[in-house]
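Scroll down for the structure; my scribbles are underneath it.
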Amino acid sequence: MKDHNFPRRKTLHLNGKARRPEVTPPTKIVLPPQPKPWSHDQWLQEMRESETELEFVLGADVVLNGYVLEVDRYTILISTNNGAVKRLLFKHALEEITVAEVA
């Protein structure tokens, strides 16, 4: 059973770096500290079931659209709209993922 009713399109702010002002308070998904190998299965399953296209805000000028395939402590694997698979690598462990509606 889903806890959230997400719209079809979302903006994903990684580690609190937001690009757009929020219209509504975002839904925060806090990732508990776990030993490697690590995945946030509930969040990943919800993203797969909803088939939600995410907008990854990686910096001031870097935005990537796609669907989540896999999540672990330091990487997010996504499938982009043109069919390419991209792996987003992070220097620090992801402790919090914020999912917000696109204004």
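One gets the working numbering by counting positions in the sequence shown from 1 and adding 1015 to each.
Using N, Cα and C, we set each Cβ at its ideal position, and we do this for glycine too.
None of the values given here were measured: they were computed from a predicted structure.
Contact set for residue i: own chain, Cβ-Cβ below 6 Å, skip 5 residues either direction
{"i": "Ile1091", "result": "Leu1103"}
{"i": "Leu1079", "result": "Phe1071"}
CA-to-CA distance, residue j to residue i, given in whole angstroms
{"i": "Ala1099", "j": "Phe1105", "result": "19 Å"}
{"i": "Tyr1089", "j": "Asn1097", "result": "24 Å"}
Own chain partners of residue i with C-beta closer than 7 Å, once the 5 adjacent residues on each side are dropped
{"i": "Ser1094", "result": "Gly1081, Tyr1082, Leu1084, Val1100"}
{"i": "His1107", "result": "none"}
Residues that DSSP places opposite residue i in a beta bridge
{"i": "Gly1081", "result": "Leu1069, Thr1095"}
{"i": "Lys1106", "result": "According to DSSP, which records beta bridges pairwise, Lys1106 is partnered with nothing at all."}
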